[in-house]
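Q: Starting off with a structure, shown below.
Numbering (our numbering), first residue to last: 1 to 60.
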């Protein structure tokens, strides 16, 4: 929560809260190896696309 916004602070007309919070839970993946392999494939794909866009085009 933002300590600068009071919990009971609301808009004057609509009574809408001026600040909201969302609970987020983070936990370790059970598929770590699979995730690492996917990241490596994505990195390789981006590098390949980047290299092909930098190569000079041949003119006839």
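Glycine residues also receive a C-beta, built at the ideal position from the N, C-alpha and C atoms.
According to DSSP, residue 10 sits in a beta bridge with which residue or residues?
A: For the purposes of this step, residue 10 is taken as the residue at position 10 of the chain shown. Bridge partners of residue 10: 17.
Q: When the Cα atoms are used, what is the spatial distance from residue 35 to residue 21?
A: As a working note, residue 35 is residue 35 in the chain shown. As a working note, residue 21 is residue 21 in the chain shown. Taking the straight line from one Cα to the other gives about 29 Å.
Q: What three-state label does DSSP hand residue 39 in the structure shown?
A: Within the chain shown, numbered from 1, the residue matching residue 39 stands at position 39. DSSP places residue 39 in helix when its eight states are reduced to three.
Q: DSSP state of residue 30, grouped into three classes?
A: Sequence index remark: in the chain shown, residue 30 carries index 30 (1-based). DSSP places residue 30 in coil when its eight states are reduced to three.
Q: Please go through the same chain and pick out, in chain order, the residues whose beta-carbon is closer than 7 Å to the beta-carbon of residue 18, but skip the five residues on each side of it.
A: Here residue 18 refers to the residue found at position 18 of the chain shown. Answer for residue 18: 5, 9, 10, 11, listed in chain order.
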